[in-house]
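Data block below; observations after.
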Amino acid sequence: MTAGAPYRLVVFDCDSTLTRIEGVDELARMHGLEMEIAALTTAAMEGRVALEEVYARRLDRLRPDRQSVERLGTRYIEELVPGARETISTLRELGIEAHIISGGFLPAVTMLAEALRLRPDQVHAVALQFAADGRYVGFDIASPLARSGGKRVVCTELIQRFGKCAAVGDGVTDLEMQDAGADFIGFGGVVERAPVRRRAQRFVSAPDLKAVLPLLLEGMPK
Ligand SMILES: [Mg+2]
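For the numbering used here, count along the sequence shown from 1 and bump the result up by 46.
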């Protein structure tokens, strides 16, 4: 930890924050279910339907096998948001802990994290279960990240562990990290969501994630 750095921990959302795509929509495209799944995803992200209501339903339709989740991980990396690598590596150089908290699928989010040179313990996402032949069996129903309020739970735990925290995300569920006590930057560089813009402590619309760095390095007086 660098003397003078205002945060010991910076938490990022994954989909539409570190990567330009939405994982579930991408899997839906692979399975030809994009219309049906996109409507559910949008409703969840805009806060119109509780996350837990749509989570199981979407996965039950998609049933993604191990191979499609790995393909999604590759797509995440191909669609990395400009400036994401530099943002994470700047934090690393300053000794600031960077974590990902995502309602996405752990194997895919972990692939993206590896591309950003983050450790597996810096990734918080929903584990999937596969059969020996790779078929989808189920998801970790105990994960708080598969329900509304889950990002708040995980972020609170990390704040207790590391201390002063900033968080960056595009979605309504990311605002839960602000409720947990993190200084929050709404990121509209991929999609701008009106409720997030309205409620976020700070909001950044630039397409390059490096635009959040000055706020992360100088602090955000409330
Ligand atoms: Mg997101």
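Just so it is clear, CB atoms sit at the ideal spot from N, CA and C, and this is done for glycine as well.
How about Val155 and Ile142: do their beta carbons lie closer than 8 Å?
-> Not in contact: Val155 and Ile142 (Cβ atoms no closer than 8 Å).
Could you give the residue range of the beta strand (DSSP E) that holds Val214?
-> Boundaries of the beta strand (DSSP E) harbouring Val214: 211-215, taken from the DSSP string.
Bridge-paired residues (DSSP) for Ala144 | Its beta-bridge partners are Val56.
Output the distance between the C-alpha atoms of Ala257 and Pro166, rounded to the nearest integer angstrom.
-> Roughly 26 Å between the two C-alpha positions.
Go to Val200, then tell me how far its alpha helix (DSSP H) extends in each direction, as first and last residue.
-> That run of the alpha helix (DSSP H) goes 196-208.
Considering only heavy atoms of ligand 1, list every residue whose Cβ is less than 6 Å from one of them, following chain order.
-> The set, ordered by position in the chain, is Asp59, Asp61, Ser62, Thr63, Gly215, Asp216, Gly217.
On the three-pair Cβ rule with 8 Å, is the segment 97-112 touching the segment 176-185?
-> As far as the Cβ criterion goes, the segment 97-112 touches the segment 176-185, which means the pair count is three or higher.
May I have the straight-line CA-CA distance separating Glu82 from Arg193, to the nearest angstrom?
-> Spanning the alpha carbons of Glu82 and Arg193 requires a straight line of approximately 20 Å.
Could you pull the start and end residues of the beta strand (DSSP E) that Gln175 belongs to?
-> 174-176 is the extent of the beta strand (DSSP E) around Gln175.
Going along the chain, which unbroken runs of the beta strand (DSSP E) with 3 or more residues stay wholly within the segment 91-151?
-> List check, beta strand (DSSP E) in window: 143-151.
Can you name the start and end residues of the beta strand (DSSP E) that Gly184 belongs to?
-> Residue range 182-185 is occupied by the beta strand (DSSP E) that includes Gly184.
In DSSP terms, what Thr87 is bridged to = Answer is none; Thr87 lacks a bridge partner.
Separation of Glu80 from Arg121, as counted between CA atoms | Near 16 Å, if we compare the C-alpha coordinates of Glu80 and Arg121.
Does DSSP classify Pro267 as helix, strand or coil?
-> Three-state result, Pro267: coil.
Looking at C-alpha atoms only, which residue of Val218, Gly150, Val70 is the closest neighbour of Arg107?
-> Nearest C-alpha to Arg107: Val70.
Quick one: what's got a C-beta closer than 8 Å to Ile67's C-beta in the same chain, skipping five residues either side?
-> Hits under 8 Å: Asp61, Arg121, Tyr122, Glu125.
What's the C-alpha gap between Phe208 and Glu132?
-> Near 22 Å, if we compare the C-alpha coordinates of Glu132 and Phe208.
Give the range of the alpha helix (DSSP H) segment to which Gly69 is assigned.
-> Under the DSSP assignment, Gly69 falls in the alpha helix (DSSP H) whose first and last residues are 69-77.
Are the beta-carbon atoms of Val172 and Gly149 separated by less than 8 Å?
-> Their beta carbons are under 8 Å apart, which means Val172 touches Gly149 by this criterion.
Can the beta-carbon of Gly265 be found less than 8 Å from the beta-carbon of Val250?
-> No, these two residues do not count as a Cβ contact at 8 Å.
From the DSSP output, which residues share a beta bridge with Gly232?
-> Paired residue(s): Gly215, Phe249.
With Gln224 as the anchor, note down where its alpha helix (DSSP H) starts and where it stops.
-> Taken as a continuous stretch (DSSP letters only), the alpha helix (DSSP H) holding Gln224 covers 221-225.
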